[in-house]
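Numbering (this note's numbering), first residue to last: 4 to 232.
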């Protein structure tokens with residue numbers, strides 16, 4: 004396959020995903036933001052998707068993500084960090100990204116707040132919920148959301164925007180149950196924090212069900228960029 008053919012395939016996949024998201028959003032009378040997850044993919048691929056109108060891109064790894072932010076600084080990209088954050092890497096995240104989806108403890112929230120440059124607007128943050136109660140996954144229990152949200156709300160360099168989850172692989176009935184629980188938690192959070200407007204839920208394999216259950220931001224990687232090599 005030539006580079007041109009590969010680029011054409013990428014663009015067709017992206018346009019197909021964007022159309023699917025738009026159709027689902029219209030069906031549920033809601034705006035849904037598409038986050039293109041570009042981890043392990045090249046700057047060239049990001050530029051090709053950007054040229055089609057995509058502006059929000061997600062990265063999982065701090066070094067790879069910051070390298071891309073710097074390399075593509077000439078483009079008006081909204082960068083989202085969607086991977087786990089280690090304390091020793093928090094400064095780089097605070098300095099380079101516009102959004103963080105993976106706040107799961109007060110310590111990280113405090114560090115990001117303290118390390119956010121004064122010259123930048125507040126860092127938009129989502130609380131990660133471990134909705135499937137997986138030992139291997141980061142995130143807080145639903146019962147811990149309010150306490151962490153109240154802490155974040157007091158930090159001037161952070162803006163609390165909502166919730167994020169990565170559910171375990173499972174049958175649709177259980178997945179729907181967990182997605183609906185997330186949506187209820189999101190509505191509860193909105194009632195006490197007016198800045199909350201984002202429920203980050205749904206990936207390539209479950210975006211339709213996620214949007215049906217209330218998601219307004221889906222994180223799509225493979226369906227756009229193909230399998231990572």
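All C-beta atoms, glycine included, are put in the ideal place defined by N, C-alpha and C. It should be emphasised that the depicted structure is a prediction, and the values quoted were computed from it without experimental measurement.
The DSSP-derived three-state label of residue 104 is strand. Within the model, the alpha-carbon separation for residue 172 versus residue 106 is close to 22 Å.
Counting along the chain, residue 222 sits inside the beta strand (DSSP E) bounded by residues 220-223. DSSP links residue 36 through a beta bridge to 220. Contact check between the region 60-72 and the region 21-34: fewer than three CB pairs, one atom from each, fall below 8 Å, which does not count as touching. With three or more CB-CB distances shorter than 8 Å, the region 154-172 counts as touching the region 115-134. Where residue 90 is concerned, there is no enclosing beta strand (DSSP E), because DSSP gives it neither an H nor an E. Annotation for residue 65: 92, 95, 96 place their beta carbon closer than 7 Å to its own, counting only its chain and skipping 5 residues before and after.
Of 36, 59, 54, the smallest CA-CA separation from residue 200 is found for 36. Counting along the chain, the unbroken beta strand (DSSP E) around residue 126 starts and ends at 126-132. Just measuring C-alpha positions, the residue of 174, 205, 217, 49 sitting nearest residue 190 is 217.
In this structure, residue 126 sits near residue 160, with a CB-CB distance shorter than 8 Å.
Judged by DSSP secondary structure, residue 167 falls within the beta strand (DSSP E) whose first and last residues are 161-168. In terms of Cα proximity to residue 81, the closest of 40, 119, 183 is 40. When secondary structure is reduced to three states using DSSP, residue 148 falls in the helix class.
Residue 143 is bridged by DSSP to 132. In this structure, the CA atom of residue 76 is about 10 Å from the CA atom of residue 99. Taking 8 Å as the cut-off, the Cβ atoms of residue 116 and residue 151 do not count as close.
DSSP places residue 203 in the strand class (E or B) of the three-state scheme.
Cβ-Cβ separation between residue 61 and residue 38: approximately 5 Å, consistent with a contact (criterion under 8 Å). Taking a contact as a CB-CB distance under 8 Å, the pair residue 52 and residue 221 does not count as one, their CB atoms being some 15 Å apart. Contact between residue 207 and residue 226 is confirmed by a C-beta separation of about 4 Å, below the 8 Å threshold. Listed in chain order, the non-local C-beta contacts of residue 114 below 8 Å within the same chain comprise 90, 93, 94, 97, local neighbours out to five positions each way being set aside. The same chain holds no residue with a CB closer than 7 Å to that of residue 122 once the five nearest residues on each side in sequence are set aside.
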